[in-house]
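>
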Amino acid sequence: MDAGSKPDAGIEARSIITTRVFDAPRALVFDAFSDPKHLAEWWGPTGFTTTTHSFDMRPGGAWRFVMHGPDGRDYQNLITYDEVVKPEKLVYRHGGTADAEPVQFSVTVTFEEVGRNKTRLTMHALFPTAAERDRVAKEYGAVEGAQQTFTRLGEYLKTMG
Numbered sequence: 377m378d379a380g381s382k383p384d385a386g387i388e389a390r391s392i393i394t395t396r397v398f399d400a401p402r403a404l405v406f407d408a409f410s411d412p413k414h415l416a417e418w419w420g421p422t423g424f425t426t427t428t429h430s431f432d433m434r435p436g437g438a439w440r441f442v443m444h445g446p447d448g449r450d451y452q453n454l455i456t457y458d459e460v461v462k463p464e465k466l467v468y469r470h471g472g473t474a475d476a477e478p479v480q481f482s483v484t485v486t487f488e489e490v491g492r493n494k495t496r497l498t499m500h501a502l503f504p505t506a507a508e509r510d511r512v513a514k515e516y517g518a519v520e521g522a523q524q525t526f527t528r529l530g531e532y533l534k535t536m537g
């Protein structure tokens, strides 16, 4: 086992961190994460759609959804919420069941007020190992997908205000 595949490898090597400043108030950005009707409009990379099967955003609650790829492939997903601090922070775990994609990681999303009616959104995905992070980045296009998802969120926020 090389150093990059050990669970205690540096946090940076195990992380995908996506940050963007949105021209929208923090409460509005948080709302976009808090309602499956909103999530259906922007969640996922370019060309994807999202169908929610259940949504319970509270500590211990879960969001079960399918991301439909532009190639017709369906990606079953499960997010379990560990912490919900409106409108400041979400902490959740992705995966963990046999009926979801074989990808497990934890995520901390922070919503920071920046100036007047702007929000810095940071999504920090932490994988068990650097090797798993690299696999997900390669097989799922996770780094580019996160950037595209944030672009879609920015476009959607313009319609919410």
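So this note's numbering is basically just the index in the sequence shown, starting at one, shifted up by 376. From the three backbone atoms N, C-alpha and C, an ideal C-beta is built for every residue, glycine too. On a predicted model such as this, the values are computed, not experimentally measured, just so you know.
1) State the start and end residues of the unbroken beta strand (DSSP E) segment that holds residue 465.
2) From 426, 414 and 484, pick the residue whose C-alpha is nearest to that of residue 459; which is it?
3) What residue range does the alpha helix (DSSP H) around residue 405 cover?
4) Report the option in 419, 424 and 479 whose CA atom is closest to the CA atom of residue 445.
5) Tell me which residue opens and which closes the beta strand (DSSP E) that residue 505 is part of.
6) Give the list of continuous beta strand (DSSP E) stretches no shorter than 3 residues that lie fully inside the region 430–485.
7) Taking all protein chains shown into account, do 16 or more other C-beta atoms lie within 10 angstroms of the C-beta of residue 395, making it buried, or fewer, making it exposed?
8) To which residues of the same chain is residue 533 closer than 7 Å at the C-beta, ignoring the five residues directly before and after it?
9) Kindly indicate which three-state DSSP category residue 424 falls into: helix, strand or coil?
10) Can you list, in chain order, the residues of its chain whose CB lies under 7 Å from that of residue 452, leaving out five sequence neighbours each side?
11) Residue 489 bridges to which residues according to DSSP?
12) Would you kindly check if the distance between the Cβ of residue 456 and the Cβ of residue 468 is under 8 Å?
13) Could you tell me the distance, in whole angstroms, from the CA atom of residue 419 to the CA atom of residue 529?
Taking the definition as stated:
1) In the DSSP annotation of this structure, the continuous segment of the beta strand (DSSP E) that includes residue 465 starts and ends at 465–470.
2) With respect to the C-alpha of residue 459, the residue from 426, 414 and 484 having the closest C-alpha is 484.
3) That run of the alpha helix (DSSP H) goes 402–410.
4) Taking each of 419, 424 and 479 in turn and checking the Cα distance to residue 445, the smallest one comes out for 424.
5) Here residue 505 belongs to no beta strand (DSSP E), and DSSP marks it neither H nor E.
6) Here the runs fully enclosed are 438–444, 450–461 and 465–470.
7) Residue 395 is exposed by the Cβ-count criterion.
8) Closer than 7 Å at Cβ, skipping near neighbours: 398, 400, 404, 405 and 408.
9) Collapsing the DSSP output to three states places residue 424 in coil.
10) Around residue 452: 442, 475, 476 and 477.
11) Answer by DSSP bridge pairing, in chain order: 495.
12) For residue 468 and residue 456, yes; Cβs fall inside 8 Å.
13) So the alpha carbons of these two residues sit roughly 7 Å apart.
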